[in-house]
Structures are given as C-alpha cells and as structure tokens.
Amino acid sequence: MKQLHHKSPTHAPSPAHAPASKTSKPARPGPRTWVGYLLLEQRLLFVLLGALIATSFFLLRPYIFSLSPSNVTDRSPIFSFAARSSASRVPAGFRPPPRRVVVTGGAGFVGSHLVDRLLEQGDSVIVVDNFFTGRKENVAHHLRNPRFELLRHDVVEPILLEVDRIYHLACPASPVHYKYNPIKTIKTNVMGTLNMLGLAKRIGARFLLTSTSEVYGDPLEHPQKETYWGHVNPIGVRSCYDEGKRTAETLTMDYHRGGGVAVRIARIFNTYGPRMCLDDGRVVSNFVAQALRRQPMTVYGDGKQTRSFQYVSDLVAGLMALMESDHIGPFNLGNPGEFTMLELAEVVKQTIDPMSTIEFKPNTADDPHMRKPDITKAKQLLGWEPKVSLKEGLPLMVTDFRQRILDE
Ligand SMILES: NC(=O)c1ccc[n+]([C@@H]2O[C@H](COP(=O)([O-])OP(=O)(O)OC[C@H]3O[C@@H](n4cnc5c(N)ncnc54)[C@H](O)[C@@H]3O)[C@@H](O)[C@H]2O)c1
1 MKQLHHKSPT
11 HAPSPAHAPA
21 SKTSKPARPG
31 PRTWVGYLLL
41 EQRLLFVLLG
51 ALIATSFFLL
61 RPYIFSLSPS
71 NVTDRSPIFS
81 FAARSSASRV
91 PAGFRPPPRR
101 VVVTGGAGFV
111 GSHLVDRLLE
121 QGDSVIVVDN
131 FFTGRKENVA
141 HHLRNPRFEL
151 LRHDVVEPIL
161 LEVDRIYHLA
171 CPASPVHYKY
181 NPIKTIKTNV
191 MGTLNMLGLA
201 KRIGARFLLT
211 STSEVYGDPL
221 EHPQKETYWG
231 HVNPIGVRSC
241 YDEGKRTAET
251 LTMDYHRGGG
261 VAVRIARIFN
271 TYGPRMCLDD
281 GRVVSNFVAQ
291 ALRRQPMTVY
301 GDGKQTRSFQ
311 YVSDLVAGLM
321 ALMESDHIGP
331 FNLGNPGEFT
341 MLELAEVVKQ
351 TIDPMSTIEF
361 KPNTADDPHM
371 RKPDITKAKQ
381 LLGWEPKVSL
391 KEGLPLMVTD
401 FRQRILDE
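Just so you know, we're using full-length UniProt numbering here: the sequence shown kicks off at 1 and counts up by one.
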C-alpha cells in the first residue's frame, strides 16, 4: 500500500504539500538581491520597455493631438488641455471667425453698401432680393466672390437658410415706390418681417430690422428721441409704409420677448449716396437728377420743411455697430444736421450747376413738417456718430448719378 501510493503520479503530493527535505531542494545560485532577481528572472527587459513607452507618449502627446483636430474636443481633460494650449498661442489682435450673413434687400441702395462692407471684413454674404427696386448692377462686382451669393426671392414667402446674422432691409423705401402697390408694401413689412423673424428663431440667428424715422409720423416733438411714440395717420396714403414699419417693430419685440430671438432695431433717417434710384422721388435724388438733366428742381410746398441728410457710409457703420452691440434699440441713425428743402436745393446748385432753377408744386399728403434725429443714445451706447457732411457726401453721389444719366 505504501509502495502503490508512491508510484501513482495522480496521488503524488504536490511540491507545495511535500514535506520540506534538505536533500531534494536544488542548490541556490547565489545571494537573492533585487539586481539578481531582475537579471535572472528577465524582468529588466519589461521595466525598460515600459519606461520607454511612457516617456515617448508624454513627449509626443502635444504633437499627436495638434495634428489631429478632430480629436480636440472638450470631452476629456487631456483633449481640453491640447485645445487650451493651442488657443493660448492665438496672436493679439486676432479677429473672430467670419460670419454667415443674410441681407434681405441687399441689391438695393443701402443693402448693397452694407454688403460691400460685410464682404470687406471677411463675412460670407447671401443677398435675398426680389429686385422690385434693387438692381443686380449694385452687387455685380461681387458675383465672382466665392463668399457671395445672390438669391431672387420675395420675403413674403418663407425661406430656409443657415446663417448667424440677418439684416432685414427688404422693403421699398421711397414714397414713389411704396405707394405704387400699398398692399404689397404692407405685406412685405408684415409677412416679410414675420418670415425673417421665424427664420431667426429657428436657426438661432441675430436679427436686425431697418425701421424708419417715419414711425414718428409728423412729429410733435423736435428733435425726435427714441422714447417718442410718434404722431402717425393710420389710414393715410403713407400708412402702408409708416404703419407697416411700426408693425414690423412690434413683431420684432414680440419675437424677442416671446421667442427669445436676439433682435436689434435701427430707425433710419434720410440717407443719400451713390446707387440710389435715379427717379425714386426722394428729395436728394430728385434734386441731383433734375439738376444734372438741366431741369428745374421740384420743391413741394413752401420748401421750409426740414430734413436731416446722412451719407450712406455713416449709416452702414451704424447698422454694423448696432448688430454687434449688446443693445436691442431702437436707435435713431441719422445725421442731426438740419436743412430746409430750399437750403438743400442751394447746396445741390453749388455742387452741380449754379444756373439751376427751382419749381414749386403743392405739397403731398402727410408730408412731415420737420425731421431731425436726437442721436444721444447711439452716441453713448454704440459709440457711433455720422462723420460725412452734406458738402463732402453730395459730390460722391453726383459722380455716380452723372455717369448713370450719361449712360441712359
Ligand atoms: N434710404 C433711406 O433714407 C431710408 C430711410 C429710412 C429707412 N430705410 C429703410 O432701409 C431699407 C433699405 O432702404 P433703401 O433706401 O436701400 O431702399 P431700396 O428700395 O433701394 O432697397 C430696398 C430693397 O428691398 C428689395 N425688396 C423690396 N421688397 C422686397 C420683397 N418683398 N422681397 C425681397 N426684396 C424686396 C428691393 O428690390 C430693394 O433691393 C428699407 O427697409 C427702408 O425702409 C431707408
């Protein structure tokens, strides 16, 4: 029994259970120090290999992540470290990334000058225009620019675009044009503004409305501050424009309060400059075109009504400052210099032809007697004020009108 137990390997005791026997144990090669342990057990190779991998990883980490921008997210501390360290290398004076901007009415007078400036500062611009009063010629010089797009579209119909900013200018602006089809004018002001505000809400874009000094009507307060609520005839021939813009302002504020849309409101006073329609019935373009054609300049009424005249580059600077400001408005954007119609006719005469004559005609209905912006608010909050005087700006407009009248 003793023998059988010895021979059978299945029943052989494991070394762990075997009784310690000095005779069966192999002789030790030498003293068991840690050096000997590493050398003899071949652990050294693995320790060195591990140290090499770790060192390489920490040395190469910044390069690995900067070469692979898709990895730079803020999901893990390592990736956000890489993102932060590259951000800290941004040089001083770095400008924010270019924006995608839509300008409705961008083929018109003011819109086309705004588009020039936006493209100049590096933005991508989409012009939406139905060419009712706008002209392709006003933006033709951008047609080859890859950051520019021109869409024929009526804002009365909805449109879906992906942009960061919406400058909403689409609306006929001169009395001749907005009285031509008053129902269409009010539709443009109400439905067009609703559509563009709806778009702003849907895509989270900032929205700027170009309203007008006409919201003050025939003002009883002079000069006009933004706090003045106006004196407007709601059923007159100008109401499609005046009341249309007042409704557009209401919609803009309701989309802000109710829909959380970031909005801006500019109330623009009379503006002039190159690219105005030649025969749009606005007083500066009328006088200039008539004087250049050697026709008498038409003064409606007694010519003592006053207006202020702002050069278009000043307006564009104001619109862009307002859009990027933290203020909703409304802001008066106009030149506070005040001229009677007769004084304006005199400046035009001196600029174009001292022999020009004046012809008086009865005044039109609801023509405001006086108009002059108080721009204290814009000066204080936007740091904006007009720089170009009538005597400086008028010759620039005359050069453009002269060329176009010669081409007729
Ligand atoms: N120029 C000024 O003195 C003045 C003063 C006050 C307010 N504004 C406002 O500034 C904006 C621009 O005025 P402007 O002087 O350049 O006039 P404008 O007539 O030259 O430009 C208006 C543009 O809107 C486009 N448009 C009109 N209805 C449209 C529609 N339904 N859909 C798409 N496009 C349409 C026209 O084709 C045109 O290109 C207007 O909203 C106007 O009310 C201008």
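In this text, a Cβ means the ideal position worked out from N, Cα and C, and glycines have one as well.
Short note on PHE331: C-beta not closer than 7 Å to any heavy atom of ligand 1.
If you look at SER211, you'll find it in the beta strand (DSSP E) that goes 206 to 212. By the Cβ neighbour-count rule, ARG275 is buried, with 16 or more other Cβ atoms within 10 Å of its own. With a threshold of 7 Å, the Cβ atom of SER239 does not count as near ligand 1, since no heavy atom of the ligand is closer than that. Close CB contacts of VAL176 within its chain, under the 6 Å cut and outside five residues either way in sequence, are with ASP280 and GLY281 (chain order). In chain order, TYR228, GLY230, HIS231, PRO368, MET370 and ARG371 place their CB closer than 8 Å to the CB of PRO219, counting only its own chain and leaving out the 5 sequence neighbours on each side. Contact between the region 142 to 151 and the region 179 to 194 is not established, with fewer than three Cβ pairs separated by less than 8 Å.
Closest in C-alpha terms to LYS387, from the list GLY337, VAL215 and GLY260, comes GLY337. Our two residues, THR252 and PHE339, have alpha carbons roughly 32 Å apart in a direct line.
For THR133, the shortest separation between its Cβ and any heavy atom of ligand 1 lies below 7 Å. Assigned with DSSP and collapsed to three states, VAL348 falls in helix. Sixteen is the threshold: when 16 or more other Cβ atoms of the shown chains lie within 10 Å of the Cβ of ARG165, as they do, the residue is buried. Set against 7 Å, the gap from the CB of VAL128 to the closest heavy atom of ligand 1 is smaller. Judged by their CB atoms, PRO223 and ASP374 are nearer to each other than the 8 Å cut-off.
Taking ARG257 as reference, the option from LEU197, ARG135, MET397 and VAL102 with the minimal CA-CA separation is LEU197.
When secondary structure is reduced to three states using DSSP, GLY192 falls in the helix class. Taking non-hydrogen atoms of ligand 1 into account, the C-beta of ASN335 is found less than 7 Å away from none of them. Secondary structure at VAL47: helix, using DSSP grouped into helix, strand and coil. Beta-bridge partners of ALA266 (DSSP): THR210 and PHE331. If only complete runs of 3 or more residues are kept, the region 106 to 168 shows the beta strand (DSSP E) at 124 to 129, 148 to 152 and 165 to 168, in order along the chain. Straight across, the Cα-Cα distance linking PHE131 with VAL102 is about 16 Å. About 13 Å separates the beta carbons of LEU194 and GLU249, which is beyond the 8 Å limit, so they are not a contact pair.
The alpha-carbon of PRO158 is positioned some 12 Å away from that of ARG202.
The C-beta distance from GLY334 to SER308 rounds to 5 Å, short enough to meet the 8 Å contact threshold. Judged by beta-carbon spacing, GLY108 lies within the 8 Å limit of LEU169, meaning their Cβ atoms are closer than that value.
Ranking LEU118, GLY105 and SER112 by CA distance to the CA of PRO98 puts LEU118 first. Just so you know, the alpha carbons of VAL312 and ASP353 end up roughly 23 Å apart. The beta carbon of GLY393 sits closer than 6 Å to the beta carbons of TYR311 from its chain, once the five residues preceding and following it are set aside; these are given in chain order. Between GLY303 and TRP384, the C-beta gap is not smaller than 8 Å, which leaves the two residues out of contact. In this structure, the alpha-carbon of HIS141 lies about 27 Å from that of ARG293. Taking 7 Å as the cut-off, one finds no heavy atom of ligand 1 near enough to the beta carbon of ASP326. Residue ASP314 holds the alpha-carbon nearest to the alpha-carbon of HIS113 among ALA321, ILE358, ILE328 and ASP314. In the three-state reduction of the DSSP assignment, GLU359 falls in the strand class, which pools E and B. Where THR298 is concerned, the enclosing beta strand (DSSP E) starts and stops at 297 to 300. Within the model, the alpha-carbon separation for VAL299 versus LYS361 is close to 6 Å.
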